[in-house]
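Take a look at the structure set out below.
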Amino acid sequence: MSAERHSHSHSHPRTPAPAAEDAAVVTEAGTGFHPHLHATDAPADTALRARLHHIRAGELDDGTAQTGGMRRFAAISGRTVGSEKLWMGQTHVAPATASSDHHHGESETAIHVVSGHPEFVFVDDSSGTPEEIRLRTGPGDYIFVPPFVPHREENPDPHQEAVVVIARSTQEAIVVNLPGLYALGDGG
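Under my numbering, the first residue of the sequence shown is numbered 514, with each subsequent residue one higher.
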């Protein structure tokens, strides 16, 4: 059995391995499995969306929205890869540092802690009495930040930088810096 044939032997038991002539079939852009892809002579922005992109760790873009006390780096964005609905990157918070208070507009934000023990601070007024809440995290933890929720990141560790991976539901990083942690619309 050839190496190519062998690679197909692990397919679902009810699915027969494709014939050699089937393996060589190439679909045209805009047909077959990917009818949403455009032809290769499409405008450059469309060409960005017709292929996979590999962004290496050393190629992250620091030309993105920033907040005092932290550094954000874009990996996946409209500018870097032509994404329309997603932004993804890293945030670094130096030892013994806190970010400014901020929110991310209409973006839903998902955070994955890579290293360090960052803390995420927000005001919970769901009980009618505003209370500052501090979420203490560690590597492997996740945080979800709903749209327009004021918060800040802190790194209380005096020696280790905290690094998190961030994904947002908008193609660019929306950052609205605030004078404090308060519920929007309260005028506080």
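C-beta atoms are modelled at their ideal positions from N, C-alpha and C, and glycine is treated no differently. All values reported here derive from a predicted model rather than from experimental measurement.
Remark: fewer than three beta-carbon pairs, one from each stretch, lie closer than 8 Å, so the region 680–690 and the region 648–655 are not flagged as touching. The beta carbon of aspartate 575 sits closer than 6 Å to those of Phe586, all from its chain and outside the five residues before and after it, given in chain order. Each of Gly595, Ala607, Glu597 and His567 was checked against the Cα of serine 628, and the nearest Cα belongs to Ala607. If you compare the alpha carbons of His615, His566 and Pro643 with that of glycine 591, the shortest gap goes to His566. Annotation for glutamate 597: Gln684 place their beta carbon closer than 6 Å to its own, counting only its chain and skipping 5 residues before and after. Contact between the region 630–637 and the region 662–672 is present: three or more C-beta pairs spanning the two stretches fall below 8 Å. Counting of Cβ neighbours within 10 angstroms places aspartate 614 among the buried residues, the total reaching 16 or more.
A distance below 6 Å between beta-carbons, with the five flanking residues on each side excluded, links valine 626 to the following residues of its chain, in chain order: Thr650, Pro652, Asp654 and Val677.
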